[in-house]
Each structure stands twice: as structure tokens, then as C-alpha cells.
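Undergrad: After the C-alpha cells below, expect a handful of questions from me.
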Amino acid sequence: MAIQGKAPQVHKLVVPAMVAILVVVAFMVGVLWQKVSNLEKQGVRTLGETSGRVNPLSADALKTYAKDLGLNEGAFATCFDERKYKSAVEADIKQANDVGAFGTPAFILNGNIISGAQPFSVFQDAIEFELKGGDWSRPDETVADLVDGDINNGEVGVGDIVVELGNAQTKGNKDAKVVLVEFSDFECPFCSRFYSTTLPQIEQNYVDTGKILFAYKHLPLTQIHSNAQSAAEASLCAADQGKFWEYHDRIFQATSGS
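Put into C-alpha cells, the structure is as follows:
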């Protein structure tokens, strides 16, 4: 024997509630749309329009930096447009991958790899260890953590990695017994952080004092940074006219917003 009862009247309650919700949502959408319309009328770009920021690594921007630095604009444009240094940048990429550098920034310090935008203290300990002629296979307490390879999610490897400087851009003492090579990407935010926070201290304490040689090589991560390759090529066009480091600084200042 089936026991019948009154069916619950949920639908009678749900429908009015849904109508009320839809009314509220429609109201909110209308208000938001009105605000967006007002912003557009006032000339303010929405986030979907890149917040109004000009791409600091566009071809036009890269040529503007050359002009700002007083380079021969015609010679720079020809070099850039004809991609004179495409193969040179690709050679740097291959070299980086060959020595185990796949992310940026990556550093080779006298045959030892340091990965990531580490704080100055990490480089200071490693450089001082090298200046004292330390043996990385038998590290003292100053670099023991580096050899463990776990500093701020970075990695430091011990080995005899050979990096041919070739046409790398350098600064410092060319006869220094300590050489720090950076593989970098102009569109990489971590490279920008290294440039603004750590590199100035390395330069002040070790490059400008002649204790080390600092070298820059290119590792544009083209899979995720669509402008990095062209920026690298542009910097070498600036190097043709003797202003690589000025151009290097100008790009990082533009990408960091400083």
C-alpha cells in the first residue's frame, strides 16, 4: 500500500527566488557596464586593453631607445630590421642549454651554476669563496648551503662548466680570476629584479673594484616571452655602436617601470 502525501511545493519558492537573483545580477551587470562605458568615454583603458601601457619591447620602442641614446638611427634600424644578430642570440641560447641553464636568470661563476634571482648575499658568499681560491667540492660554511642547492628555491651546481665568452658583452677586469656570466632575458621579471636589486651591489663591490669580470649572454625564453628575442637582437645592434650597457639599462628601466 502506497502512502501518498502532498508533494513539496519547492518549485513555487524557487522560481520567485531565481527571478529575484536574476534581477539583482542584471542590475549589477548594468551598473558595471555603465562604469566601463564611462571610463571609455573618459579615455581610460580597461584591463583587457593592457591598462593603457605601451609595450616597452615593441619594435618602435626598441628603436626609440636607440634614438634616446644618440645612436645612428639608420644604422640601428638596418641592423635590427635585417636581424643581423639572430644567429648570435640563438648561439647563446644553445650554449645556455648545453651547460644546463634553461631558466632565467642563470649564472655561471667559475664553472659553477647559480640559478634564479638570488639576493646579493648569495653572490657575495660565492664570489668571496672563489677569490680565496676555495674548492667547491670541499666547501666551507660560507658556501655549504650553495652546494646543497636549495636557496630561495634556486639551485647551485658544482662542476667544471665551461662557458666560452666569445662575443659576450663584458665589464670589469678582463684579467680577473673570477668570472660571473649571466644568461638573461629582457622580458623576464626575475631578470629585471636582479638588475634593479642585486646587480648594482655586485658592480659596486666586485666589478668596479676590478675583482671580477661580469659577462652578459642572451637566453630569451621565446615560448613565453614573445618580445625577448627581438630585444636581445636590438641590444647587440646597440653594441655595434659601443652602447650595449646603456641600451641594456634602458630596456630594464623601461620594463620595470623605473
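Under numbering that gives the first Met the number 0, the first residue of the sequence shown is numbered 0, with each subsequent residue one higher.
We put the beta carbon where it would ideally sit given N, CA and C, even for glycine.
(1) Check whether the stretch 221 to 241 touches the stretch 172 to 180, taking contact to mean three or more Cβ pairs, one atom from each stretch, closer than 8 Å.
(2) Between which two residues does the alpha helix (DSSP H) containing HIS224 stretch?
(3) Taking C-beta to C-beta, are PHE251 and TYR194 nearer than 7 Å?
(4) How is ASN204 classed by DSSP in three states: helix, strand or coil?
(5) Going by Cα to Cα distance, which pick from TYR246, GLY102, LYS170 is closest to PHE189?
(6) I need the boundaries of the beta strand (DSSP E) containing GLN94, first residue and last residue.
(7) Are ASP213 and GLY241 touching if we call contact CB-CB under 7 Å?
(8) Could you give the DSSP three-state label for GLY69: helix, strand or coil?
(9) With distances taken Cα to Cα, identify the nearest neighbour of ILE201 among LYS85, GLN94, GLN117.
(10) Please state if the CB of ALA230 and the CB of PHE185 are separated by a distance shorter than 7 Å.
(11) By Cβ distance below 7 Å, which residues in the same chain neighbour PRO55 in space, the five residues on each side in sequence not counted?
(12) Sorted by chain position, which residues of the same chain lie with C-beta nearer than 8 Å to ALA100's C-beta, five sequence neighbours on each side aside?
(13) So for GLU186, helix, strand or coil by DSSP?
(14) Identify which residue in ASP59, ASP248, VAL161 has its Cα closest to the Cα of LEU198.
(15) With ALA175 and GLY133 assumed to form a contact (beta carbons below 8 Å), what rounded beta-carbon distance in angstroms separates them?
(16) Tell me, to the nearest whole angstrom, how far the beta carbon of ILE126 is from that of ILE211; I am working on the premise that it is less than 8 Å.
TA: Quick answer:
(1) When Cβ pairs closer than 8 Å are counted between the two stretches, the stretch 221 to 241 is seen not to touch the stretch 172 to 180, the count staying below three.
(2) Residue 224 sits at position 225 when you count from the first residue of the sequence shown. Under the DSSP assignment, HIS224 falls outside any alpha helix (DSSP H); it carries neither an H nor an E label.
(3) Numbered from its first residue, the sequence shown carries residue 251 at position 252. Numbered from its first residue, the sequence shown carries residue 194 at position 195. Note that the C-beta distance between PHE251 and TYR194 is below 7 Å.
(4) Indexing the sequence shown from 1 puts residue 204 at position 205. ASN204: helix per DSSP, three-state reduction.
(5) For this step, residue 189 is matched to residue 190 along the sequence shown. Nearest option by C-alpha distance: GLY102.
(6) Position 95 of the sequence shown holds residue 94. DSSP places GLN94 in no beta strand (DSSP E) but in the uninterrupted alpha helix (DSSP H) bounded by 85 to 97.
(7) Within the sequence shown, residue 213 is the residue found at index 214, counting from 1. Within the sequence shown, residue 241 is the residue found at index 242, counting from 1. Rather than Asp, the amino acid found at residue 213 in this sequence is Phe. In this structure, GLY241 does not lie closer than 7 Å to PHE213 by Cβ.
(8) One-based indexing of the sequence shown puts residue 69 at position 70. Three-state result, GLY69: coil.
(9) For the purposes of this step, residue 201 is taken as residue 202 along the sequence shown, with counting starting at 1. The residue with the shortest Cα to Cα distance from ILE201 is GLN117.
(10) Position 186 of the sequence shown, counted from the first residue, corresponds to residue 185. Position 231 of the sequence shown, counted from the first residue, corresponds to residue 230. In terms of Cβ geometry, PHE185 and ALA230 form a close pair [threshold 7 Å].
(11) Residue numbering aside, residue 55 sits at position 56 when the sequence shown is read from its first letter. Within the same chain, and ignoring the five residues on either side of PRO55 in sequence, the residues whose Cβ sits closer than 7 Å to its Cβ are ALA253, THR254.
(12) In the sequence shown, the residue the question calls residue 100 occupies position 101. Within the same chain, ALA100 has close Cβ partners ILE107, ILE112, SER114, PHE182, LEU218.
(13) On the sequence shown, residue 186 is found 187 positions in, with the first residue counted as 1. Here GLU186 sits in coil by DSSP.
(14) Locating residue 198 in the sequence shown gives position 199, counting from the first residue. Nearest of ASP59, ASP248, VAL161 to LEU198, Cα basis: ASP248.
(15) In the sequence shown, the residue the question calls residue 175 occupies position 176. In the sequence shown, the residue the question calls residue 133 occupies position 134. Actually they do not touch by this definition, with Cβ atoms about 16 Å apart.
(16) Position 127 of the sequence shown holds residue 126. Position 212 of the sequence shown holds residue 211. Distance from ILE126 to ILE211 at the Cβ level is roughly 6 Å; contact confirmed, criterion being Cβ atoms closer than 8 Å.
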